[in-house]
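Here the structure is laid out as structure tokens; the discussion comes afterwards.
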Amino acid sequence: MAETLKSSAPHIHGATTYDDLVDWGVQSDAIEGVSKSSGRLLFKGPDNQPETGIWVCTPGRWRLSIPREELCHFVAGRAIYRSDDGEVIEVEPGTVVMFPGGWAGECTVIETMRNVYMLV
-3 MAETLKSSAP HIHGATTYDD LVDWGVQSDA IEGVSKSSGR LLFKGPDNQP ETGIWVCTPG
57 RWRLSIPREE LCHFVAGRAI YRSDDGEVIE VEPGTVVMFP GGWAGECTVI ETMRNVYMLV
């Protein structure tokens, strides 16, 4: 695994089930439950832009604000994102969402979710 992350083109085989994850702690700004995050950073460029990896999160509900554009490909689980202006985005395996920078609202994870993400 370590050699694939150090490749000239970093990569992870089996990203949908890959289990060598790092504990990223509890989601801050919890509203309900205690969602725990884990993941694996695949690549981080200069000044942390871009950043890409795998993110896994257990059920719960919290506030979030996305600082810059983020593309998420959800490969497992179910969740509901509710923007501050009332828009509802339901995600399940196979859903791809492009969150604009500054997007704010709540996330409710119903079933432990996993996504492959890229912050730009």
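If you read the sequence shown in this note's numbering, its first letter stands for residue -3, the second for the next number, and so on.
Glycine included, each C-beta is placed from N, C-alpha and C at the ideal position.
A Cβ-Cβ contact shorter than 8 Å links L17 with V52.
E83 and K2 have their C-alpha atoms some 39 Å from each other. Taking 8 Å as the cut-off, the beta carbon of V87 is found closer than this to the beta carbon of R74.
DSSP, reduced to helix, strand and coil, places D80 outside both helices and strands of the structure shown, so it counts as coil. Counting only runs of 3 or more residues that sit fully inside the segment 0 to 49, the beta strand (DSSP E) segments are 18 to 22, 26 to 28 and 32 to 40, in chain order. Contact annotation: E102 and R64 have beta-carbon atoms that are not nearer than 8 Å. Distance between R36 and H9, taken at the CA atoms: about 12 Å. The DSSP-derived three-state label of V93 is strand.
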